[in-house]
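Residue numbers (our numbering), protein chains in the order written: chain U, 11 to 377; chain R, 16 to 201; chain X, 500 to 811; chain P, 9 to 393.
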Amino acid sequence: MAKEPIEFTDKVVKVESLNDLPEVPVSQRFTLVNKTGSWRNVRPVLEEQNAPCQNACPLKVWVQSFIDLLTRGKPEEGAIEILRNNPFPLLTRKLCKAKCEIACNRKKYDAPVSIRELEGFTGNIAYEKGLFPKREESLGKKVAVVGNSETMMSAAYFAYMYGMDVTLYASKPFDGLGLSDDEVKREVDRLKKWGIKVIEEDKDPDTLKSEFDAVITDKKDVENKLTFQTQDEKIFAAKPERKDISRDFYFGKRAAKSVWQYLKGEEITKDAPPPRAVSFNNIVTDYFEPEDRIDTINTMEEAIAEGNRCFSCGHCNSCGNCYVFCPDAAISWVDDFPVVDYDYCKGCGICVNECPRSVLILVPERG
Amino acid sequence: MIEIRMHGRGGQGTVVASKVLADAAFKDGKYAQSFPQYGVERRGAPVTAFTRIADSEKDLIVRSFIYEPDHVVVLDPTLLATQNILEGLKKGGWVIINTPESPESFDIPKDYRVATVDAASIAIKWRLGSKTQPIVNTAILGAFSKVTGIVSMDALEKAILENAPVKKEENVNAAKEAFESVKIRS
Amino acid sequence: MIMRNWQVPLEENLLEGHVACQGCLGALAMRLMLKGLGDNVAVAIPACCWTIISGDVLYHALKVPVFHTAFETAAIAATGIKAGLTMRGKKDTTVLAWAGDGGTFDIGLQAISGAAERNEDIIYAVYDNEAYMNTGIQRSSATPYGAWTTTTPAKRPEDKPKKDIIEILAAHRVPYIATVTPAYPEDFLRKVKKAKEIKGFRFFHIFSPCPPGWKMPSDYSVQAARLAVQTKVFPLLEIENGEKYTINYEYPKEVPLEDYLKLQGRFKHLFKTPEKIEVIKEQIKKRWEYLVMRHKLTHGTTDNIVRKVFYK
Amino acid sequence: MSFKKVLTGNHAVSYGATSARVQVISAYPITPQTTIVELLSEIVAEGKLDAIFVNVESEHSAMSACIGASAAGARAFTATSAQGLALMHEMLHWAAGARLPIVMANVNRAMAPPWSIWTEQNDSLSQRDTGWMQFYVESNQEAYDYVIIAYKVAEQVLLPAMLVLDAFVLSHTSEPVEIYDQEKVDEFLPPYEPKFAIEPGKPISYGALSKPDTYMEFRYKMQKAMEKAVDVMEKEMNLFNEMFGRNYGLVEPYMMDDADYVIVTSGAMTSTARAAVHEMREEGKKVGLLKMKTFRPFPFKKVREMLKGRKKVAVLDRNISFGHHGIFYEEIKSAMYPVEPKVPLYGYILGLGGRDVTVKDIKEIYEDLVKREEMEEIIWKGVKL
């Protein structure tokens, strides 16, 4: 009788003679040779989608992401995520109109997530620990920001974030918001600590043109309301509307971005409208329990409980559904995230249908 | 080769009797074979079983029924009225009957030798079976041993001890008592 | 490791490259079963979809040994394997009989009854897709009332309710019976782990939607299974020693049966005869009431039934 | 030490299974098999055999349990008869196709209806093409010996084996049987070491779907195993003879050396035929006897060797293939096809449903054989026309 070693392999072996088969009808190779991925006509792709909160926010704070980081046990990373778009989360906590909460999909399920509170609570961690967002690569350019309004405070913040050397001329920062001296000091100290030069005096923006590569000010009228350019190409202007503090912060942010584009020698473009957000109908509510909204958040426990209410619309928060429900074991769980093995994924679509937050989408295969 | 046919009724232990007899012959150093005629006899129904005894294993063994027995054993006397228990019996063969009657009281031709033993009473005495259905097989084998001498009482005793499922001693005592009390037609 | 919704082992004993249809919950059921049982397992598989799924005679899709056996013999082949392994000193190996509904509700019932009555030390699992799918969707006694199959055409759909296999097993007083479905993976795994520690005959009734057989897009199968639980078409239960009934879960809201039915083409014709849908609703109601009564007899209350939207 | 004991054929089988140290026994009651497993269950219960006894709900399950146990690498045993064997039929294919060395005792019994519990070979011969080896035994000693021999052969060629004994004529007949010293049996039949087994840590898939590109090769291997079994059997029976002093062959000739006329038999009627041949020899008739011990694999060579050049041969069949002939007759006829000059072969059907076969019957068949001129398709012996 021929030798019968049981060798497990994932190689295709051609049966060309009797000796290629064992004496007894037993398999000795694994089905890994079957690349069942060839069955597929649609492929599941993990693709980040916008959430309505994010789209509603003038600052486009990536709410899903910071809540995900917070509830994942990474509150500092969550705080930094906020700071990428929101310069003063303690001020928005106090003053923002929270359009995010109005847009929140969870509103249609039980009550909107306390995003403003969560953002403030999480942002506060950055205040306490002196955290700041990552800056863009330095352009080696100097920018002066002139004015006392919150818009200018935001402009200084973002200009610095975009990699410019920023000098802020403001005799009375955050003037007109009714903030206490402590609050003002807290925010100004943050700006200083990060590296923004703050000179507490009023300046005429025109006088700074020679000294600086660009100037942002609230003391001039704006020419282009979308890019905040003025007739002078070196001067950008933005004034607060005082309707919604986030919107006023956004003006500063947008002005800073225009300056950034200008200094890089790029075309100054207006902001494109955000992609469509995940709607409530896209949410698989079977994976969520109705929970009472926590209006005010003072502790980490409260923050996590409230954060867990977030549908995380369009943002993978590692729920694991796609991994668990894959009948083909074609999704593996790597560093807390799903990885689709397209060699074997048959494209059944269960992972997409069961993704509670529409972050997995089906893309047609082309040839 | 000696061939023995046994007649009895289901429940009396006829088939076991044929086997015990074979075993006893084996213990006497002979080759023996025993078998029932059909094997599905029901309680109360007539049963026929056979035993063949040969001097040695080298004798040519046959595996058919026994049509011309050397001896017959009747475990139930009522069968005499309904069955031709003498069928094929060789001349000079023994007819051993379980009955309280004397051997002379049966109308059996002079060609045959007749013995009777009250195996039923003996069985009841030793509490073998019940009053309505005494198990007479071991008792009648005792009588068989005595009158034919084909198997020794010693071998029979061993065979009974080995094959009787219960009341081994009682069965041996029954056989011994029948051995002593069997009556032979003069 | 973070997996927000589930606590499931990452060990895979089901390999990629198996040849189940797209969206087959029978395949997912095996994957979960083996996550729960680990790899000290031997499996007996009779004629069923899994005869094909596990690969042809050259290949194998599981990291545990499988013996392919005749249609009606899963329970007894597993019994034999258990006896053989025991005699070879491998007493702690879990032996799993893994069969479809045809091999369980119909042709295999005799051997199941025998093994159950003798309390053989095996786990018997039926992945129930409610018809003979491997041969091309013929009705079985697990086919529900009103369903289309190729032998119960839409003009004369199945006119008998599904056989109550759980009650048949309960009448055998086996130590453990569980109903599970891959749509509730943690409930599934919890029961598998519990069963693994029990000695004697353990029975798993696994509700396993079949996209082709149910005329349903392949991505709906988990959703269909979930809806079956939510609508009480398939209650999640445990029955211990044939007496102790536990309803594990009740969806806290009323879900119309139609939501479940309309997902599947096999029930499409029913919407022309709404009275037949009412018949099904009545069957579901009666069965549920019976189960609640048994649950109450066991626990004295129904308060301990989990009533959450997201049950795990 | 070996010892002798008066045993029924069935109990001889039970002792055989015990001596073979079977590990898993599964069976379902059927007359006249039942006493085999009754005794075995007692032996297991008394702890005299380390085995698991699975009481099942049908013969189909009995065979399936044995298949499972054997697939898991254990030595498995069952016994059945007639309707039970027929119910097992599907699983007989399974055992053979999975190449599992299961041994089964089948007590030959006629198939119903009408109901019969008595001996006939149609039950076992109907299983001819399942891939099982079949051995027809003549005495209780052979019944005992062949359980042991069957395992020894089966475990080498990886095919299941069936030993077949006549209902009542052997199964319920008591005669002395020598039971061998266990150590010696162990030496002859060492523990089963499976080449492939269902066991944890070895993720094989046993008996999965074989497409047209592989199935034929597996069947080819089965046939080769059957062919190999002939040599293995001869080798093992020589060893058996050496160790236990019993000389068995695939076929067993008696007074064949100068026989012009040959009577071919199988099973228990061979004893009666032997006695008849002996008597006829004493009467000066040149008659011999050929006993067919092994039906599958069919011993073509031996049959040709034995029957070549005889004047006439009578093949006695306790079975019938309706619409054709006695089955041993068919098989012997096909085996003799290439032999020149042609040996006239006559097929006799007798003893169906337990009809007694006597010395007289055999002698009459001989007389009939001698005077027959033309071959008839089928000759019935003893039917009440």
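Every residue gets a Cβ at the ideal spot worked out from N, C-alpha and C, and that includes glycine.
- Among the residues of chain X, those whose CB is under 7 Å from the CB of V32 (chain P) are G579, A582, G583, M586, following chain order.
- For S218 (chain P), the chain X residues whose Cβ falls inside 8 Å of its Cβ are D555, V556, in order along the chain.
- With respect to chain R, the C-beta atom of T42 (chain P) has no partner C-beta closer than 7 Å.
- Interface with chain X (7 Å Cβ-Cβ cutoff): F335 (chain U) is included.
- Taking each of U:N51, U:R39, U:S256 in turn and checking the Cα distance to L105 (chain U), the smallest one comes out for U:S256.
- Taking all protein chains in view, the Cβ of I209 (chain U) is surrounded by fewer than 16 other Cβ atoms within 10 Å, so the residue is classified as exposed.
- For N116 (chain P), the pairing in a beta bridge is given by DSSP as P:D174.
- Counting only residues of its own chain and dropping the five nearest sequence neighbours on each side, K659 (chain X) has no CB closer than 6 Å to any other CB.
- Secondary structure note for L167 (chain P): it is in no alpha helix (DSSP H), with a DSSP letter that is neither H nor E.
- When Cβ-Cβ separations below 7 Å define contact, L31 (chain U) makes contact with chain P.
- Here M21 (chain R) is buried. Its C-beta has 16 or more other C-beta atoms within 10 Å.
- Within the stretch 330-357 of chain P, contact with chain R at the beta-carbon level (separation under 8 Å) is assigned to no residue.
- Here the alpha carbon of D555 (chain X) sits roughly 21 Å from the alpha carbon of I580 (chain X).
- The stretch 354-364 of chain U makes no contact with the stretch 146-156 of chain R; the number of CB pairs closer than 8 Å stays below 3.
- For T138 (chain P), no chain U residue has a Cβ inside 7 Å of its Cβ, as the nearest lies near 16 Å away.
- The Cβ atoms of G330 (chain U) and N504 (chain X) sit closer than 7 Å to each other.
- Contact annotation: L69 (chain U) and F259 (chain U) have beta-carbon atoms nearer than 7 Å.
- Between A73 (chain P) and S34 (chain P), the C-beta spacing is below 7 Å.
- Spatial neighbours of A158 (chain P) in its own chain (CB-CB distance under 6 Å, excluding positions within 5 residues in sequence) are listed in chain order as V111, A169, L171.
- Every unbroken stretch of the beta strand (DSSP E) spanning 3 or more residues and falling wholly within the stretch 50-136 of chain U is given here in chain order: 52-56.
- Among the residues facing chain P, L28 (chain U) is included, as its CB has a counterpart in that chain under 7 Å away.
- Around V507 (chain X), the beta-carbon contacts reaching into chain U at under 7 Å are V334.
- Look at E192 (chain R) here: in three-state DSSP terms it is helix.
- Pairing D85 (chain R) with P261 (chain P), the inter-Cα distance amounts to about 32 Å.
- The residue from P:R83, P:I271, P:E67 with its alpha-carbon nearest to that of Q164 (chain P) is P:R83.
- For P99 (chain U), same chain residues with a beta-carbon under 6 Å away, outside a window of 5 residues either side, are I92, E129, G130, G133 in chain order.
- Here A247 (chain U) carries a strand assignment [DSSP, helix/strand/coil].
- Taking C-beta atoms as the reference points, Y683 (chain X) and T41 (chain U) fail to come closer than 7 Å.
- Residue contact with chain U for S612 (chain X): absent (no Cβ-Cβ distance below 7 Å to any residue of chain U).
- Between D228 (chain U) and T161 (chain U), the beta carbon gap of about 6 Å places them in contact (Cβ cut-off 8 Å).
- At least 7 Å separates the CB of Y200 (chain P) from every CB of chain X.
- Your pair M245 (chain P) and Y228 (chain P) does not check out as a contact, with CB atoms roughly 26 Å apart and the cut at 8 Å.
- Interface criterion not met: the Cβ of K368 (chain P) is under 7 Å from no Cβ in chain U.
- Taking a Cβ-Cβ cut-off of 7 Å, the neighbours of S37 (chain U) in chain P comprise I212, S213, A216, given in sequence order.
- DSSP places R58 (chain R) in the strand class (E or B) of the three-state scheme.
- Residues of chain U with a Cβ closer than 7 Å to the Cβ of S720 (chain X) are, in chain order, I360.
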